[in-house]
Amino acid sequence: MRTSVGRVSGVIQALGVSLAAVILLAGCVSGGLRLHHSAYPASPQERVTDSYHGTTVADPWRWLESLDAPRTADWVQAQNRLTVPYLAALPQRPWLQTRLTQLYAYERSGVPRRAGKQYFYLYNDGRQNQSTLQVADSPSGPGRTLLDPASLRGDSTVALAEYEPSPDGNLLAYALTDAGSDWKTWHIRDVATGTDLPEVLRDTKFTQPSWARDGSGFYYSSYPSGDDQRQPVIRFHRLRQPQAEDQQVYAVSDHPTRIPDGVVTEDGKWLVILLDDGTVANGVNALALDGSGRLEKLFDRYDGMQTYIGSRSSAAGTELFFRTTAGAPSGRVVAVDLGKPAATRQRVVVAETAGVLEQAALIGTRVIASYLHDAHAVVRSHDASSGASLGELSLPGLGTVSAFSGDSSSPEAFFGYTDFFTPTRIYRHDAGSGAVSVLRTPVFAADLSPYVTEQVFYPSRDGTRVPMFLVHRRDAVLNGRNPVMLYGYGGFDISLTPSFSPATVAWLEMGGVYAVANLRGGGEYGSQWHLAGTRERKQNVFDDFIAAAEYLIAQRWTQPARLVIRGGSNGGLLVGAVLTQRPELFGAALPDVGVLDMLRYHLASANARQWGDDFGLSENAGDFKAQLAYSPYHNAQRNTCYPPTLVTTAAQDNRVVPWHSFKFAAALQTAQRCAQPTLIRVETRAGHGAGKPTWMQVEQLADQWSFAASALGMRVPLSSSGSSGASH
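As structure tokens, then:
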């Protein structure tokens, strides 16, 4: 287990650094952080250049892309020897370590999934570093533990990534991930005995097995020879046989970047094949499973995104249901009848409306449609045959609804609801009667009554109206001195909707304001909102975020010295870009696992190349020009005073490879003119974020929050309950 950096003296002694030196390095002067430039580890520059469309671009830290090279490892160790004790010595960190540990210790459950007569769900008693998988005879339990991933390794860094029960509920395919890697290993467990079948499946990343209806095996996608630079293929795994004998069922032969994945229809007659090709459009085929080899091309124009939501069968054939943006930027539900000629087989079930259709499910005889209205959920029910509206589901507030669990064979469905002050509640929905009942309500041991959420709208640089959530104390005063954490993402059609986080509660208890900006590039207002923040239009995302900061300052919520910006992955790019564009606007920055070298990101894997719909590719002249203008790594300017910045990444991240953060940190440290620290923290037993054990989440958050709090001059509450939080 990584030593807790909250235990200051132990960490410092282990790293061979004197306590006096660390306190000097991390001195908090008038609410600011200081670090002399000579303290940074050496980051040698090399003469490496590339020519892009006639433009020569330097890449002096290319050597840090060699992740297995000894000198890269030495550089990472040297950076951690500086960063870990620096963070450990911050005065806010002991309280944050304690309080975050307390706040994360609450009982919680996942949305149940029914298979046969059994129900499967994730459960955490509040003390567990990884949630366990439970199986029960009823959705309300009690259940028995079918799998406890925390028992597989002492530091709890092996996690349950996915699971899929067989149709009768007797077997369970489950995937484990080690140290947060996207690579997964699949096992098959006998539900009654809790023992595993002998075979283990490897070479998979982004796939969910789909069982044959007779339970004889399942379909899945895998990378040939474990090479993620190649296209995956769909295979069928027959139980109790080695993976090497798995039959190839489908492979893409007519396009170099499309990635197939398959889902078996409920009648077992068809394999619905989704062909992913970026974030803007995909295709769908249907392969007959009767041995005929019949292949139907259902969506092959690549003019929208299709999501398969279920099927139903009759004497006439099989009808497939999809959520689609083809011809409907805000989304609609269509059904495709495979028993009819191609020209007449599609019908509209739920028409496009003013709200954005974020997700849909076929439950019994109804289509349950979840919409976004100004970034919060509204759920409606429709008859699957006629499309007639059957009313709206009652929700407890302006929050977020998780995907509905269920299918067309039963009216029983389950979903979760959350908002900024509500840990995820689990609900049961009877689609036959329309009734909604609470199944599980977590008990969270903190007083949230002093806080409120409001939604505001502000103009971006080009006049676009952008929404933003503000979470704060009821008695907050607009005096321009509130410490504000501004969070954003702005990409990949992903919407930032209200959700609960113990970390947000800790920030509020310290007297902070938490702001979430719904930037272009996300999915809050449909595909046009997404496209407005992609490729040569990516600067719109950064302009929206900068405008959010300017709004918070103009409305006297805060001032630049009291404003910290935070984001992860594509959000890490966001923070890096606005940090280098407007360094004077922020008091601190927290870019996490960011995409920071925009000219070479697509070389890491075939999956990374799929991001081209959002980012563009430097191989294209127009994309290159836009990328070079905002790429954080390439825009760290010498002799600039950057705000205190803590870059975080993980050594095992094979989605956004850590060399992005390595190179950016080296560039930023070299460019930094003033004594405000630019640090990098590298976790050695973690990946992009999924599967991270609770203890590791608490460690990283305590580091980030204490760094931000010190930079902004925040004091911790007088008690661990947070009831007397204040700032100065």
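Position one of the sequence shown corresponds to residue 1 (the working numbering), numbered consecutively onward.
Positions of the beta carbon are idealized from the N, C-alpha and C atoms, including for glycine.
Computed from a predicted model, the values in this text were never measured in an experiment.
**Message:** Considering only their Cβ atoms, is the gap separating Val513 from Val484 smaller than 7 angstroms?
**Reply:** yes
**Prompt:** Are Phe132 and Thr145 touching if we call contact CB-CB under 7 angstroms?
**Reply:** With the sequence shown as reference, residue 132 is identified as Thr, and Phe is not the correct amino acid for it. Thr132 is a Cβ neighbour of Thr145, given a cutoff of 7 angstroms.
**Prompt:** When DSSP labels each residue in this structure, what does Lys692 get in the three-state scheme?
**Reply:** coil
**Request:** Count the C-beta pairs between the region 337-348 and the region 483-503 that are closer than 8 angstroms, then say yes if the count reaches three, no if not.
**Result:** Three or more Cβ pairs closer than 8 angstroms define a contact, and the region 337-348 falls short of that threshold against the region 483-503.
**Asked** DSSP three-state call for Gln241: helix, strand or coil?
**Response** In this structure, Gln241 counts as coil in the three-state DSSP scheme.
**Asked** For the 8 angstroms Cβ check, are there 3 or more pairs between the region 359-366 and the region 423-434?
**Response** yes
**Item:** Continuous alpha helix (DSSP H) stretch holding Gly612: start and end
**Value:** 612-615
**Request:** From the DSSP output, in three-state form, read off Lys117 for me.
**Result:** coil
**Message:** Any contact between the region 606-616 and the region 521-537? By contact I mean 3 or more CB pairs, one from each, below 8 angstroms.
**Reply:** yes
**Message:** Am I right that Phe322 and Tyr308 are in contact with their C-beta atoms under 8 angstroms? What's the rounded C-beta distance?
**Reply:** 6 angstroms
**Asked** Can you find at least 3 beta carbon pairs, one from the region 184-203 and one from the region 698-710, that sit closer than 8 angstroms?
**Response** Not touching, per the Cβ criterion.
**Prompt:** Who does Trp270 pair with in a DSSP beta bridge?
**Reply:** Ala288, per the DSSP bridge assignment.
**Asked** What residue range is occupied by the uninterrupted alpha helix (DSSP H) comprising Asp190?
**Response** Segment 184-190 is the beta strand (DSSP E) holding Asp190; no alpha helix (DSSP H) there.
**Inter-residue spacing [alpha-carbon to alpha-carbon] between Ala58 and Ala251** = 39 angstroms
**Request:** Have a look at Gly291 and Trp270 and give me their C-alpha separation to the nearest angstrom.
**Result:** 11 angstroms
**Asked** So, Ala498 versus Gly355, is the Cβ gap smaller than 7 angstroms?
**Response** In the sequence on display, residue 498 carries Pro and not Ala. Against a cut-off of 7 angstroms, the Cβ pair of Gly355 and Pro498 comes out as no contact.
**Request:** Report buried or exposed for Ala21, applying the criterion of at least 16 other Cβ atoms within 10 angstroms of its Cβ.
**Result:** Note on Ala21: pLDDT 42, under 50, position unreliable in the model; no value is reported.
**Request:** Compare the C-alpha of Ala517 against each of Asp493, Ile546, Trp659, Phe500 and name the closest.
**Result:** If we check each option's Cα against that of Ala517, Ile546 comes out closest.
**Message:** My output table needs one value for Leu712: the three-state DSSP class, helix, strand or coil.
**Reply:** Helix at Leu712.
**Message:** Which residue wins for smallest C-alpha separation from Trp211, given the options Tyr427, Pro165, Arg655?
**Reply:** Pro165
**Asked** DSSP state of Trp61, grouped into three classes?
**Response** coil
**Item:** Arg258 and Leu275 closer than 7 angstroms at C-beta
**Value:** In terms of Cβ geometry, Arg258 and Leu275 form a close pair [threshold 7 angstroms].
**Ala47, buried or exposed, once every other Cβ within 10 Å from all chains shown has been counted against 16** = Before going on, a small fix: residue 47 reads as Arg here, not Ala. Its Cβ having fewer than 16 others within 10 Å, Arg47 is exposed.
**Asked** What residues are listed by DSSP as bridge partners for Trp557?
**Response** In the DSSP output, where bridge partners are listed per residue, Trp557 has none listed.
**Item:** Phe404, enclosing alpha helix (DSSP H) - first and last residue
**Value:** Here Phe404 belongs to no alpha helix (DSSP H), and DSSP marks it neither H nor E.
**Request:** Output the distance between the C-alpha atoms of Leu298 and Arg609, rounded to the nearest integer angstrom.
**Result:** 25 angstroms
**Request:** Between the Cα of His36 and those of Pro632, Asp182, Tyr417, Pro644, spot the shortest distance and give me the residue it belongs to.
**Result:** Pro644
**Request:** Tell whether a beta-carbon distance below 7 angstroms holds between Pro583 and Tyr642.
**Result:** yes
**Item:** 7 angstroms Cβ cutoff met for Ser408 and Gly317
**Value:** Not closer than 7 angstroms, so no.
**Request:** Could you tell me how far apart the beta carbons of His688 and Ser501 are, in whole angstroms, since I believe they sit closer than 8 angstroms?
**Result:** Not quite, the Cβ-Cβ distance comes to about 18 angstroms (not below 8 angstroms), so this is no contact.
**Asked** So, helix, strand or coil for Leu718, using DSSP?
**Response** DSSP places Leu718 in the coil class of the three-state scheme, outside both helix and strand.
**Message:** Taking only three categories from DSSP, how would you classify Gly226?
**Reply:** helix
**Message:** Taking only three categories from DSSP, how would you classify Gln102?
**Reply:** helix
**Prompt:** I think Leu176 touches Ala159, with their Cβ atoms under 8 angstroms apart; what is that distance to the nearest whole Å?
**Reply:** Right, their Cβ atoms sit about 7 angstroms apart.
**Message:** Rounded to whole angstroms, what is the Cα-Cα separation between Gln700 and Phe414?
**Reply:** If I take the Cα positions, the gap works out to 32 angstroms.
**Asked** What is the DSSP secondary structure of Pro70, reduced to helix, strand or coil?
**Response** Here Pro70 sits in helix by DSSP.
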